[in-house]
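What follows is a set of notes on a single structure, which appears directly below.
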C-alpha cells in the first residue's frame, strides 16, 4: 500500500469537519453568502468535508421584524442560489442558516449545500418564546414537518426534520441537523436522527451570551454527543449581530462521543473556523458494541420509512493531509495532571475496596504476597496494606515473602526487604534455589548436571515454585494469595501458567495496564498514606528496569523484559484500541505513528523526564505490533481463560473471560498478521 494512502485520514475512517462563525452583515444576504464562501474555501483547502455556520447566518438573527420584509426574504433566496453555484467546486458540505418561506409561513432553516445544489432544508423544530426570545412572532415551529418539499428558485427541495445526508464514498458519514433551541429541549431532534443512523450532528445556533451560559452550552453538546455516540458540531453567531438588547460570543466547538476535540476563542473579531478530524470508525464501533443503542432505536425511534436519506458523493482528499486530532501516547494514562490524579485515586480505591470485599467474603484472616522489588508486586503490596488498614487488621496480617532465585539482583532484593520493613508487614525471605535445584535434578535437567542451560524449563521451575510456596503458606496461615500480574502481561501471555504467576486467589492488578502502574505508585507516594522511608524505596522501584530476573547475571542474565517482548508503551497502545474499540492492525499502526513519531508533539503525562521521552518510527511500530498480535490472538488466550478473579479498573477494558473479553483458547492471529503485512507500509 502506498504510504500516502495509508496515511490518509479519510482512508483511515476519519472526516475533517469545521464549525465556523463569521461577522454577520445584518439584513445583507449577499455579503453574508460571500463571507460563507470565503470561510468554506479556506476550510476546503484544509481538507474539510463539512462546514457548519450559525443560525440565520444569511440574514442575521437579531433583526426583529425585518424578517417579515419581502425584499429581505427574496434576497435570501437569491443569495442561496448564488452560494450554491459559487461553491460547486468545493469539496465540503455546507450547512448555512436562512429564513425561508414555505406555503404561507416562515421557517428558521438550515440549508444543506454540496456540489452546486441544495441537498435539503431542515426547519428548526422548537422555537424559544420566553425571556429574551420572541421567535414565535416570526417563525413557525418545524417539528411536525416531514415528507415535504420547499419550492426554491424553481426547484423542489426536500424539506423537513426527517432528512439525513449520507456520503456514498465515506462509510459512516451520515449528517443530521438541528438548530439552537432544539438542543435545549428534553428530547432533542438529534437523538432521533442518531438512532436513525446519523453519526454527525450539526447545530446552527444564535444563542446569545450571558454569564455562565457558555459552560451550560458546552455541557449540553458534550452530553448529547456522548448519549448519541456521535460527533456534534456547534456554531454560534457572534460579531455583527445586533446588541440592542443582547450580546453574542461566537462560540464554536466540535465534540465526539463525550469528548471535546476543538473549540475556538470566544468573542472573536473576524471569521473563526475550528477544524477537527472526527473518527467515524470509532463511532460505528461504539454503536455496534453497545447493543442497547440499537435496542433503543428499535423501541423509540421513528420507523425507517419515516426518514428520507439524501445521498451525495463527497470525493474527499485521498492523500496525506495530516491528522487534526490529539492522539494520546498512553491511552490508559491521562496527560492532564488533575485528571491523572483523579484516575489514580479511583483506580487505587477500586482495588482496595474490591480486595476488602473478597477478604470479607472468603473468611480469610490474612494475605500472602510475593515481593520481588519490581513495579507490579510493589503496587499490589500497597493495595494489600491499605486494605488491611481499612479493615482494622494489623499490618502483620499481610505476610510478604521475597523469594530470591538464580537471577535475583542485590538491588531488587534490597528493595523488597526495605519495602516490607518500612510498611511494617510480616516479612520473610524464602530462598527458592535449593528447591529449584532439587526439582531440576529430579527431572534430569542439564543445569543440574552443571551445564549452563537456562531455558524456559529453568525459568518456570523458579516461577512455579514461588507460586507453589505462596499457596501452601496461605493454607498454613489462613490467608489468600494476592496476585500481582497486570493487564499488559495478561494481554501478552507474559506469565507462567497454572502453578506460576498467572495464578492467585485474587489478583488486584488484573485490570491495570503496565503504563499506569508507575503513575499509581507516584500517586501513592504523594497521597501521604505511607511513611517517607517507604516513599524512598518506591522511588528506587520506579527507577528499576522491568525484568523477570530468572537467569543468572553471569550467564547472560540481567534480563530486560521490553528487549524481549517489546515496549509496554506500544503494547498498551495496541491493547487499548484493539480491546476497547476493535480497531484493525492498520488503524492501530496509523494512530501509533501519529502518537509516537515526534516527541515534541502533544503532551506527556506528569513525571516523564525529557530523556525518557522515546520515539518510534513506523518500522518499529509495525514490528512490535506483529509481536503483540501474535501473542494476543494466537498464544495467550488459554491463560486468560483460566485467570483468577480480579476487579475491572479501567474503562479501556479488562481481559477476564467473565468480563470484557471472551475468545477461543485455540484461536489464531493469521487474519490480523496478514492485514498488518498487507496494509501497513514498512516505512
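Residue numbers (this note's numbering): 82 to 764. Quick reminder that beta carbons are idealized off the backbone N, C-alpha and C, glycines included.
Residue interval of the alpha helix (DSSP H) (run including residue i)
i           : result
residue 613 : 613-623
residue 118 : 110-126
residue 491 : 491-504
residue 154 : 151-167
residue 594 : Per DSSP, residue 594 belongs to no alpha helix (DSSP H) and is neither H nor E.
residue 659 : Premise fails: residue 659 is in no alpha helix (DSSP H) and is neither H nor E.
residue 545 : 537-558
residue 532 : Premise fails: residue 532 is in no alpha helix (DSSP H) and is neither H nor E.
residue 519 : 514-523
residue 721 : 718-722
Reduced DSSP category for residue i - H, G, I as helix; E, B as strand; rest coil
i           : result
residue 430 : helix
residue 588 : strand
residue 189 : strand
residue 315 : strand
residue 359 : strand
residue 732 : coil
residue 230 : strand
residue 468 : helix
residue 49  : The structure shown has nothing for residue 49, since the chain only spans 82 to 764.
residue 686 : coil
residue 146 : helix
residue 483 : strand
residue 220 : coil
residue 284 : strand
residue 86  : helix
residue 248 : strand
residue 745 : coil
residue 694 : coil
residue 354 : strand
residue 576 : coil
residue 509 : strand
residue 95  : strand
residue 605 : helix
residue 768 : Any answer about residue 768 is impossible in this case: the structure gives the chain only from 82 up to 764.
residue 101 : strand
residue 454 : coil
residue 372 : helix
residue 195 : strand
Residue interval of the beta strand (DSSP E) (run including residue i)
i           : result
residue 344 : 340-344
residue 704 : Element bounds for residue 704: not the beta strand (DSSP E) but the alpha helix (DSSP H), 699-710.
residue 290 : Careful: residue 290 lies outside any beta strand (DSSP E) and carries neither H nor E.
residue 448 : 447-451
residue 738 : Premise fails: residue 738 is in no beta strand (DSSP E) and is neither H nor E.
residue 383 : Run containing residue 383: none; DSSP gives neither H nor E here.
residue 182 : 174-183
residue 239 : 236-240
residue 132 : 131-133
residue 664 : Counting along the chain, residue 664 falls outside any beta strand (DSSP E), and DSSP gives it neither H nor E.
residue 198 : 198-204
Supposed close pair residue i, residue j - CB separation, criterion 8 angstroms
i           : j           : result
residue 289 : residue 213 : 7 angstroms
residue 507 : residue 477 : 4 angstroms
residue 339 : residue 306 : 6 angstroms
residue 749 : residue 715 : 5 angstroms
residue 450 : residue 465 : 6 angstroms
residue 204 : residue 228 : Incorrect: roughly 13 angstroms between the Cβ atoms, too far for contact.
residue 655 : residue 706 : 6 angstroms
residue 97  : residue 405 : 6 angstroms
residue 447 : residue 479 : 7 angstroms
Closer than 7 angstroms: residue i CB and nearest the ligand MN heavy atom
i           : result
residue 341 : The ligand MN is not among the ligands present in this structure, which contains no ligands whatsoever.
Cβ of residue i within 8 angstroms of any chain B Cβ
i           : result
residue 405 : Absent from the structure is chain B; it holds one protein chain and no more.
Report task. Report the residue ranges of all beta strand (DSSP E) runs contained in full by the region 394-418; include only those spanning at least 3 residues, in chain order. Result -> Taking only runs of at least 3 residues, no beta strand (DSSP E) segment lies wholly in the region 394-418.
Query raised in the report: Of all the alpha helix (DSSP H) runs that stay within the bounds of the region 626-654, which reach a length of 4 or more residues?
Result: 642-646
Query raised in the report: Using 8 angstroms as the threshold, is the region 590-603 in touch with the region 559-575, meaning 3 or more CB pairs across them?
Result: yes
Query - Stretch pair the region 155-175 + the region 112-130: three plus CB contacts closer than 8 angstroms - result: yes
Report task. Say whether the region 683-699 touches the region 654-669, bearing in mind that this needs 3 or more beta-carbon pairs closer than 8 angstroms, one atom from each stretch. Result -> no
Requested in this report: Could you tell me which uninterrupted beta strand (DSSP E) segments, each at least 3 residues in length, are contained entirely in the region 250-281, listed from first to last along the chain?
Outcome: 255-260
Query raised in the report: Are there three or more Cβ pairs, one per stretch, closer than 8 angstroms when the region 547-561 is compared with the region 531-538?
Result: no
Query raised in the report: Is the region 100-115 in contact with the region 249-269, if contact means three or more CB pairs nearer than 8 angstroms?
Result: no
Query raised in the report: Three or more C-beta pairs closer than 8 angstroms, one from the region 400-414 and one from the region 137-146: is that the case here?
Result: no
Query raised in the report: Between the region 85-102 and the region 297-311, do three or more beta carbon pairs fall short of 8 angstroms?
Result: no
Query raised in the report: Would the region 317-331 and the region 342-358 be scored as touching if the rule is three or more Cβ pairs under 8 angstroms?
Result: yes
Query raised in the report: Are three or more beta carbon pairs between the region 372-389 and the region 273-290 nearer than 8 angstroms?
Result: yes
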